[in-house]
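For the sequence shown, the working numbering begins at 67 and goes up steadily by one.
We put the beta carbon where it would ideally sit given N, CA and C, even for glycine.
All values reported here derive from a predicted model rather than from experimental measurement.
Working notes for the structure below.
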Amino acid sequence: MPILLARIDDRLIHGQVVVGWAQSLKADHIVVINDDVVKNEMQKFLFRMATPNDIKLSVLSVVETADKINKREFDDDCTILLARTPADFYRLISAGGKLGEINIGGMHFAESKVQLFDAIFVDAEDVAMLEKLAEMGVLLEVRMVPTDSKKNVIKAINEKFHKRQV
Numbered sequence: 067m068p069i070l071l072a073r074i075d076d077r078l079i080h081g082q083v084v085v086g087w088a089q090s091l092k093a094d095h096i097v098v099i100n101d102d103v104v105k106n107e108m109q110k111f112l113f114r115m116a117t118p119n120d121i122k123l124s125v126l127s128v129v130e131t132a133d134k135i136n137k138r139e140f141d142d143d144c145t146i147l148l149a150r151t152p153a154d155f156y157r158l159i160s161a162g163g164k165l166g167e168i169n170i171g172g173m174h175f176a177e178s179k180v181q182l183f184d185a186i187f188v189d190a191e192d193v194a195m196l197e198k199l200a201e202m203g204v205l206l207e208v209r210m211v212p213t214d215s216k217k218n219v220i221k222a223i224n225e226k227f228h229k230r231q232v
């Protein structure tokens, strides 16, 4: 089966992902895409502990993930891709990885970030990356859990930052 979900969530693996998304989608493989986590044995250990035993976990760099997508190595699994930032998915697509839609589920508060939705805070780099992803033809939607209604992140960015209605 193809990739079931590509999600931006700065917490990566946690209850919403494992219980809400993985169970709902019947995922059997979670791929954490982050060049820093790949090098951090403690984070990888903690993510393995948070992942149910019946779900395979891979922690890959952005380039490795793009390569595996191109080689269709996830096609036999029911896969969820998780990235911490929009920039990770932008780099993945720029490296040749094909994605049609990205779910945004958690980008939490930090200095210099502005709130777009309940748990979605963005800075100028996030906005630029999200706009570039949209220009590449990627559909971007905000939902914390599968039962939430989809929200249009580009519309919210245009209203908040560009002061125009879409």
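Pick from Lys216, Met195 and Glu225: whose alpha carbon is nearest that of Leu53?
This structure leaves residue 53 out entirely; the chain is present only between 67 and 232.
Going by the beta-carbon positions, is the gap between Leu284 and Val83 smaller than 8 Å?
Look at the range of the chain in this structure, 67 to 232, and you will see that residue 284 is not part of it.
Check whether the Cβ atoms of Phe120 and Asp94 lie closer than 8 Å to each other.
One-based indexing of the sequence shown puts residue 120 at position 54. One-based indexing of the sequence shown puts residue 94 at position 28. Before going on, a small fix: residue 120 reads as Asp here, not Phe. Going by beta carbons, Asp120 and Asp94 fall inside the 8 Å limit.
Which partner residues of Gly172 appear in the DSSP bridge assignment?
Reading the sequence shown from its first residue, position 106 is the one you call residue 172. Paired residues: Asp75.
Tell whether a beta-carbon distance below 8 Å holds between Gly86 and Val219.
For this step, residue 86 is matched to residue 20 along the sequence shown. For this step, residue 219 is matched to residue 153 along the sequence shown. Not in contact: Gly86 and Val219 (Cβ atoms no closer than 8 Å).
Which complete alpha helix (DSSP H) runs does the stretch 160-221 hold, if anything under 4 residues is left out?
190-201
Helix, strand or coil for Thr131? Go by DSSP, reduced to three states.
If you number the sequence shown from 1, residue 131 lands on position 65. Helix.
Ala116 versus Val129, Lys105 and Val98, residue with shortest Cα-Cα distance
Position 50 of the sequence shown, counted from the first residue, corresponds to residue 116. Restricting attention to Val129, Lys105 and Val98, the CA atom closest to the CA of Ala116 is found in Val98.
Within 8 Å, strictly: CB atoms of Ile168 and Val129
For the purposes of this step, residue 168 is identified with residue 102 of the sequence shown, where counting begins at 1. For the purposes of this step, residue 129 is identified with residue 63 of the sequence shown, where counting begins at 1. Not in contact: Ile168 and Val129 (Cβ atoms no closer than 8 Å).
Alpha carbon to alpha carbon, what distance is there between Ile223 and Gly163?
Indexing the sequence shown from 1 puts residue 163 at position 97. Indexing the sequence shown from 1 puts residue 223 at position 157. Just so you know, the alpha carbons of Gly163 and Ile223 end up roughly 25 Å apart.
Taking Leu71 as the reference, give the member of Asp143, Lys229, Val193 and Ile186 with the closest Cα.
Here the question's residue 71 lines up with position 5 in the sequence shown. Nearest of Asp143, Lys229, Val193 and Ile186 to Leu71, Cα basis: Asp143.
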